[in-house]
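Note sheet for the following structure.
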Amino acid sequence: MTTIREQIAIDQITNDIDLARSMAFAKNETITIKFDINQESYSVHNESGIIVDFPNSGSDGVISLDNSYLRNLDIKSANFGNSVDLQFKPLGDPLSGGTIELNTKSITIESVTGRWSVN
Numbered sequence: 285m286t287t288i289r290e291q292i293a294i295d296q297i298t299n300d301i302d303l304a305r306s307m308a309f310a311k312n313e314t315i316t317i318k319f320d321i322n323q324e325s326y327s328v329h330n331e332s333g334i335i336v337d338f339p340n341s342g343s344d345g346v347i348s349l350d351n352s353y354l355r356n357l358d359i360k361s362a363n364f365g366n367s368v369d370l371q372f373k374p375l376g377d378p379l380s381g382g383t384i385e386l387n388t389k390s391i392t393i394e395s396v397t398g399r400w401s402v403n
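Those letters in the sequence shown? Residues 285 to 403, by the numbering used here.
Here it is in structure tokens:
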């Protein structure tokens, strides 16, 4: 059973995936979401580096799921073609599809469209 905290994390991650894909297309540049499994966090990067003012990120640009509200939530794995980086090319298509596994749910990103589904 999905907890409310896990659903909040799923909503946060999937909204950020959609925003990163849109940014890649709108700015005609590569946008990468880098997952840090050990820190239960991720960050969004453009071709110049980390985007420090990405919505809901800390002052360092990191979106952390390891906070008091989302405690006990784990990013168990992130795999996109043997990488933890989900990269959107300038037309908004992903370099590789893959999966993000949380406590009891997984988010799958399609390799051609970049669309996601929750299983």
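Backbone N, C-alpha and C fix where the C-beta goes; we use that ideal spot for every residue, glycine too.
(message) Quick check: what's the CA-CA separation for residue 364 versus residue 383?
(response) Roughly 7 Å separates the two Cα atoms.
(request) Please state whether DSSP places residue 323 in a helix, a strand or coil. (result) Residue 323: coil per DSSP, three-state reduction.
(request) Tell me whether the beta-carbon of residue 294 lies closer than 8 Å to the beta-carbon of residue 326. (result) With respect to the 8 Å criterion, residue 294 and residue 326 are not classified as neighbours on the basis of their beta carbons.
(message) Going by DSSP, what residue range makes up the alpha helix (DSSP H) through residue 338?
(response) In the DSSP assignment, residue 338 falls outside any alpha helix (DSSP H), carrying neither H nor E.
(message) Along the chain, where does the alpha helix (DSSP H) containing residue 380 start, and where does it finish?
(response) It is not in any alpha helix (DSSP H) - residue 380 carries neither H nor E in the DSSP assignment.
(request) Sort out for me which residues DSSP pairs residue 328 with in a bridge. (result) 317.
(request) Measure the C-alpha to C-alpha separation of residue 393 and residue 385 and round it to an integer number of angstroms. (result) Answer to the nearest angstrom: the Cα atoms are 11 Å apart.
(request) Go ahead and label residue 333 buried or exposed: buried means 16 or more other beta carbons lie within 10 angstroms of its beta carbon, across all protein chains shown. (result) Exposed, since its Cβ has fewer than 16 Cβ neighbours within 10 Å.
(request) For residue 377, I'd like the list of residues in its chain whose CB is within less than 8 Å of its CB, leaving aside the five on either flank, ordered along the chain. (result) Non-local C-beta neighbours of residue 377 in its own chain, meaning closer than 8 Å and more than five positions away in sequence, comprise 396, 397, 398, ordered along the chain.
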